[in-house]
Amino acid sequence: ADPRNSVFALFTKRAYGLLHHMIHAGAAASTGTSAATDGTDRVAAALSAMIGTSGLKAFQPLLLETGRALRRFIDHNGAVYWHHYSKILHDAATALPLASPPVA
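Start counting at 1 in the sequence shown, then tack on 33, and there's your number in the numbering used here.
Quick look at the structure:
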């Protein structure tokens with residue numbers, strides 16, 4: 034498919050929107066079970082709630098698999114590298130003019 038095709042562009046935009054929504058829904062606070070299970074369950078619920086009239090229902094299994102994989106990747110990346118990210122964010126926040134350093 035030619036990416037300049039308006040139908041292709043519309044479906045691509047919708048697919049990215051669904052993935053974006055699923056990933057953010059999967060990031061919600063844990064309900065007490067494993068984070069990976071919680072996150073991927075919320076991803077599935079978000080997709081089911083949002084796919085409606087997107088025209089992408091035929092792609093639901095692929096979108097769900099992709100959304101779950103992205104959520105696991107983000108969860109793993111955050112767990113492994115959070116200490117690096119928090120230092121970078123702290124340094125950036127303290128470098129801003131008129132910013133006071135966050136209380137540790």
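Each residue gets a CB set at the ideal place from its N, CA and C atoms; glycine is no exception.
Measuring alpha carbon to alpha carbon, tell me which of Tyr-118, Ala-112 and Leu-95 ends up nearest Ala-48.
The count along the sequence shown starts at 1 and reaches residue 48 at position 15. Per the Cα distances, Leu-95.
When the Cβ atoms of the stretch 34-46 are set against those of the stretch 72-82, are three or more pairs found closer than 8 Å?
no
Out of Asp-74, Ala-60, Ser-119 and Lys-120, state which residue places its alpha-carbon closest to the alpha-carbon of Glu-98.
Here the question's residue 98 lines up with position 65 in the sequence shown. It is Asp-74.
Taking the alpha-carbon positions, what's the Gly-72 to Phe-44 distance?
Translated into positions along the sequence shown, residue 72 becomes position 39. Translated into positions along the sequence shown, residue 44 becomes position 11. Spanning the two alpha carbons is a distance of roughly 25 Å.
Run of the alpha helix (DSSP H) containing Phe-44, from where it starts to where it stops:
On the sequence shown, residue 44 is found 11 positions in, with the first residue counted as 1. Phe-44 -> alpha helix (DSSP H) spans 39-59.
Could you check what DSSP says for Gly-85 in three-state terms: helix, strand or coil?
On the sequence shown, residue 85 is found 52 positions in, with the first residue counted as 1. In the structure shown, Gly-85 sits in coil (DSSP, three-state: anything other than H, G, I, E or B).
If we count the other Cβ atoms within 10 Å of its Cβ and call it buried at 16 or more, is Gly-50 buried or exposed?
The count along the sequence shown starts at 1 and reaches residue 50 at position 17. Exposed, since its Cβ has fewer than 16 Cβ neighbours within 10 Å.
Just verifying my parser: in three-state terms, what is the DSSP assignment at Pro-94?
Numbered from its first residue, the sequence shown carries residue 94 at position 61. For Pro-94, the three-state secondary structure derived from DSSP is helix.
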